[in-house]
Amino acid sequence: MTNAIPTSFDALPTTQRRFIGREVDRIEDRSLVTGHAPFIDNFTLPDMLHCAILRSPHPHARIVGIDTSRAEALPGVAAVLTGEDMQRWCNPTATAPEGWGPYSLAVGKARFVGEPVAAVAATSRYIAEDACELIDVEYELLPPVADATTALDLATPLLFEENGSNLIVGRNFVWGDVEGVFAAADRVFNAKFRWNRVGANPTETFGCVCQWDLIEDRLTCHGSYQTPSFMGLGRAHVLRLPANRINIVSHPQGGGFGGKGGPRGTDIASLLSRKSGGRPVKYIEDRVEYLLAGGGQSWDRYYEAWLAVRADGTVTGLRVQLLDDQGAGAEGYGTISVAKPLAAFTGCYRIEAAEYDVKVVCTNRAPSYPYRGYGPPPHNLVLESMMDLAARELGVDPAEFRRRNYIRPEQFPYTIPSGNEYDSGNYEATLDKALELAGYAELRAQQQRARAEGRLVGIGIASTIEPGVFDWNAYATVGVPGVGVPEGISIGINLLGEITARVGFNLQGQGQYTVVAQLLADWFGVEMGAVRVVYTDTDHAPPHFGQGGSRLGVSISGAALGACQRITVKLRRAASVLLQAPFEQVELMDGVLRVKDMPQAQIPLAQVVGAMLARSDLLPEGMQPDASATSVWTAPGRTAPDEMGRCKSYLTAANACHVVLVEVDADTGKTEILKYVIADDCGTRLNPSNVEGMIQGGVAQGVGAALLEQYVYTDEAQPLVSTFMDYLVPTINEVPMTQKAALVTPSPFAPLGAKGCGEGAIHTTPAVLIAAINDALSPLGVQVRETPASPHRVWSLIRSARGDRASV
Amino acid sequence: MAQLHRVRLTVNGREYEREVEPRMTLVDFLRHELGLTGTHVGCEHGVCGACTIIKNGQAVRACLMLAVQADGAELRTVEGLAGADGLHPVQQAFIEKHGLQCGFCTPGFLMSTVELLEGTTSPGEEQIREAIGGNICRCTGYQSILESVELAAQKMRAGQGS
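Sequence lines, in order, name chains Y and A.
Letter 693 of the first sequence, counting from 1, is numbered 693 in the numbering used here, and no numbers are missing.
Letter 112 of the second sequence, counting from 1, is numbered 1112 in the numbering used here, and no numbers are missing.
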């Protein structure tokens, strides 16, 4: 029997909802504020060794020879690993399109600065690092591919010679009558963009402790793992073990936001354990390693875009050309971030035809990995900049220009040209809320006054979609093996009426354990303190995926609701015997099992479970003494992509509108954010504080991407960023304190009507900040088309504009 | 192996004595030698502030000091905040205002905040920004942290009054 998963709070068996949908303290926090949370570097095992990795100083070099003898002779060193061991024991990674995945240690040649070339396990990290300095590697330098724009030139060297080209994926997606709408357009606008590489940079880097059991041929990996079952499957392939002999134990993670470089580090630590007789090996990536070669670099892109617009301001067509630099291969699922924009390609707008011409290439920069948002943040910058360009050229206010083109509330569910279906929304209401909160008319007046004083003040408006609840089909178009993303939970009630929920993901910061506790407390009518949420490793967990793709809050709620429904059926069966009433007449409500329309005929939940587990004589014939259930949720109605990549991929479409006021200092090029307001509609909010935290955190990362952060490389593919002195993560003094308004258009398809919201404002913040800077610069006739809009970059533009004027 | 040096110091009121290599950082000493793993390591070059502790009354980066430099010092770490009566008001405030998400940077923020609020009971926003401007949080976007510090100040004022 399957019950439909409820899509609103009304279906919960409570007359007084106390927790879900309300602001509550998080159950995660006591261990975190006391420093007791078991982050991976706090974890040790007896006889544990420590790993250090020797990395390539060259972007592209053949490895002629490696001499490890001096390192092996150092007291305290237990094992040294090189590419030879990889060839003997391993397969290349399977997270890339076939042929584009490397080994976890360089084999034959190194393809980027920071690529692991050898590794040491020793009795301390200090000794392991000493030993790395004693490894002699002879390199033959090869000319590097430094930039995507030259990667496909015939004279350019190849990273993977056997593939005959540096082109990883080349695809041209055409949706609708693109030629027709562009031919019929009254105006066509065109611009080029450069989004420079940014990255996740969680405050905790990747770490793991791996132990290879040589007797049973099993592997146990403790680590800061975001998607444990994926890690297990990947290691099974790379390390040539059956997946059910690998136990992945995820520890609380100090942030994630995408990749943490887990695969390579885990493989290396695991093989060092194998090579050192099965002793556990800890590898903790340090920040320099993270910045050079870690798993969070993303979106190194060149764009050109065209927008077709009718004279009445209706946008009819969008063409986007993308040249995407994956770095040295596609090991980190990085190609998926090229495909994800298909889920919201035309944003909030009724654009009838679109084209996406994609070239994904490899260079000798570090490999690209997922980062929060996973592709749309740069795409949204392009789309929203094009909308602003058209509005400015047509002399229409950018808010009004968007309003004319929004998908209208009555059009949902709405299928966009690139195939995904948006579940619900009211974009005009979101816009109006943001304009009202910002005092838009007054902001424009303020801008006029400032301009009259010669100041560069600008207003930005951006409207975006956050695709939520990603699914396997979202990346079936870019050559990566598709794996499903189920999310499971096992819930049990003990004979005292206390509840334990077991899940397959550990803490990462979003507060999903609290959401589970809120939901179960309201469903069963208990206090949140009566609910424990427990992490289980891959040996024990139900099918799971974990954090990623703005889906876990929604999907774990779906799983929990399914398990609650099944347990409730069991409770009602037991209670129907205890209450001597027909099963159909017994219901769960406010923590009691009761007979409908007979208020006196009721038993508290705990008594029913107690009777089930302790008094077999009272149980109905054939009923097991079991008040537990496992339920696994996956999004309904997903479809396989067609030849143009069109499918129902992301289940939910959240919508936000940001309005900001900035001032650009004409002398320094520095941007100051004067006002920042957000109207956000992510459907039902399961925990409003969690949602606000996601939004504000996304603003901070968006500020970084728009104004500060960049992985800088030289013309020789040498990285110039290796510390937080070079890679500028925003502090409290760069991030605006925002005013936020919540709108609620529930999803008709998702559990409790909640939409994915975990990637939050990073979808919108870069676009709106660049829009505001461009509005400020518009009197000078220059526009920022490259991120980050650093002071130097903006100052150069201002200077060029003034120089041009002076020379006229 | 380099010559070992004796380090004698006090952490959270308890005395410790160990023999360590001169190159061992103070944060590694706390975490590996003393087992006090609440102080976290985020960058090891003094920018992120995750390893912030209080040394002789002053907030310092435990990754930028060597253990031997702390010989004779009086240190306080996150483990010393909560007591028999429960959480420190600063910890409580961070929970109530959702001043953390992943919690990895939190011990550093807490120690920076404790230093601030032990020096001034009613800090203005600028003082708060100054005090925690050297701590990086990648999750929260700082708004809830600012509110947490303001609430912590209130709680500590109320506590002093009672």
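Cβ atoms here follow ideal geometry from the backbone N, Cα and C, with glycine treated the same way.
**Report entry** Y/G395, buried or exposed, once every other Cβ within 10 Å from all chains shown has been counted against 16
**Finding:** exposed
Query raised in the report: Sorry if obvious, but does the Cβ on A/Q1143 come closer than 7 Å to a heavy atom of the ligand SAH?
Result: The ligand content of the structure shown is nil, which means the ligand SAH is not present either.
Report task. Give every residue of the same chain whose Cβ lies closer than 8 Å to the Cβ of A/L1116, excluding the five residues on either side of it in the sequence, and list them in chain order. Result -> P1123, Q1127, I1128, A1131, I1132, V1149
Query raised in the report: Is Y/W633 near Y/G329, with beta carbons less than 8 Å apart?
Result: no
**Report entry** Simplified DSSP state of A/L1066, which is helix, strand or coil
**Finding:** strand
Query raised in the report: Can a CB atom of chain A be found closer than 8 Å to the CB of Y/I20?
Result: no
Query raised in the report: What are the start and end residues of each continuous alpha helix (DSSP H) run of 4 or more residues lying completely inside the region 98-156 of chain Y, in chain order?
Result: 125-132
Query raised in the report: Thinking C-beta only, is Y/T723 closer than 8 Å to Y/V288?
Result: yes
Requested in this report: Return the CA-CA distance between Y/A654 and Y/E692, expressed in angstroms with no decimal places.
Outcome: 14 Å
Query raised in the report: Should Y/N190 go down as buried or exposed, given a rule of 16 or more other Cβ atoms within 10 Å for buried?
Result: exposed
Query - Contacting residues, own chain, Cβ-Cβ under 6 Å from Y/P688 (five flanking each side not counted) - result: E23
Query raised in the report: Exposed or buried, Y/D297, counting other C-beta atoms within 10 Å across all chains shown (16 or more means buried)?
Result: The displayed chain sequence assigns Gln, not Asp, to residue 297 of chain Y. Y/Q297 comes out buried.
Query raised in the report: Roughly how far, in whole angstroms, is the beta-carbon of Y/A353 from the beta-carbon of Y/V181, given that I think they are within contact range, below 8 Å?
Result: 5 Å
Query raised in the report: When we look at the beta-carbon of A/Q1101 and count the other beta-carbons within 10 Å, is it buried (16 or more) or exposed?
Result: buried
Query raised in the report: Within the 8 Å Cβ cut-off, does A/V1007 reach chain Y?
Result: no
Query raised in the report: If you draw a straight line from the alpha carbon of Y/L619 to that of Y/I493, how long is it in whole angstroms?
Result: 16 Å
**Report entry** Same chain, Cβ closer than 6 Å to Y/Y440, five either side skipped, listed in chain order
**Finding:** none
**Report entry** Cβ contact check for the region 458-473 of chain Y and the region 659-679 of chain Y: 3 or more pairs under 8 Å
**Finding:** yes
Query raised in the report: Closer than 9 Å, Cβ to any Cβ of chain A: which residues of the region 189-214 of chain Y, in chain order?
Result: A200, N201, P202, T203, E204, T205
Query raised in the report: In chain A, which residues lie with their C-beta within 7 Å of the C-beta of Y/R310?
Result: What Y/R310 touches in chain A: nothing, since even the nearest Cβ is about 39 Å away.
Requested in this report: Establish whether the CB of Y/M725 and some CB of chain A are separated by less than 8 Å.
Outcome: yes
Query raised in the report: Does the distance from the C-beta atom of Y/V503 to that of Y/H544 stay below 8 Å?
Result: yes
Query raised in the report: What do you get for Y/Q783, buried or exposed, if any count of 16 or more other CB atoms within 10 angstroms of its CB means buried?
Result: buried
**Report entry** 3-residue-minimum beta strand (DSSP E) runs that sit fully inside the region 657-722 of chain Y, ordered along the chain
**Finding:** 671-681
Query raised in the report: Looking at the unbroken alpha helix (DSSP H) that takes in Y/R444, where does it start and where does it end?
Result: 440-452
Query raised in the report: Where does Y/V808 fall in DSSP's three states?
Result: The pLDDT assigned to Y/V808 is 38, lower than 50, so where the model puts this residue is not dependable, and the model offers no usable value.
Query raised in the report: Would you say Y/L49 reaches chain A, if we count a Cβ-Cβ gap shorter than 8 Å as a contact?
Result: no
Query - Where the beta strand (DSSP E) containing Y/F193 begins and where it ends - result: 187-195
Query - Neighbour flag for A/I1132 against chain Y, beta carbons, 8 Å - result: yes
Query - Within-8 Å CB hit, A/A1153 to chain Y - result: no
Query raised in the report: Cβ of A/T1039 less than 8 Å from any chain Y Cβ?
Result: yes
Report task. Using a Cβ-Cβ cut-off of 8 Å, state whether A/Q1003 counts as contacting chain Y. Result -> no
Query raised in the report: How many angstroms separate the CA atom of Y/P542 from the CA atom of Y/I491?
Result: 11 Å
Requested in this report: Tell me, please, whether the CB atom of Y/S689 is closer than 8 Å to any CB atom in chain A?
Outcome: yes
Report task. Mind reading off the beta-carbon distance from Y/P788 to Y/N196? Whole number of angstroms is fine, and I expect it under 8 Å. Result -> 7 Å
Report task. Find out if the Cβ-Cβ distance for the pair Y/P751, Y/T14 is shorter than 8 Å. Result -> no
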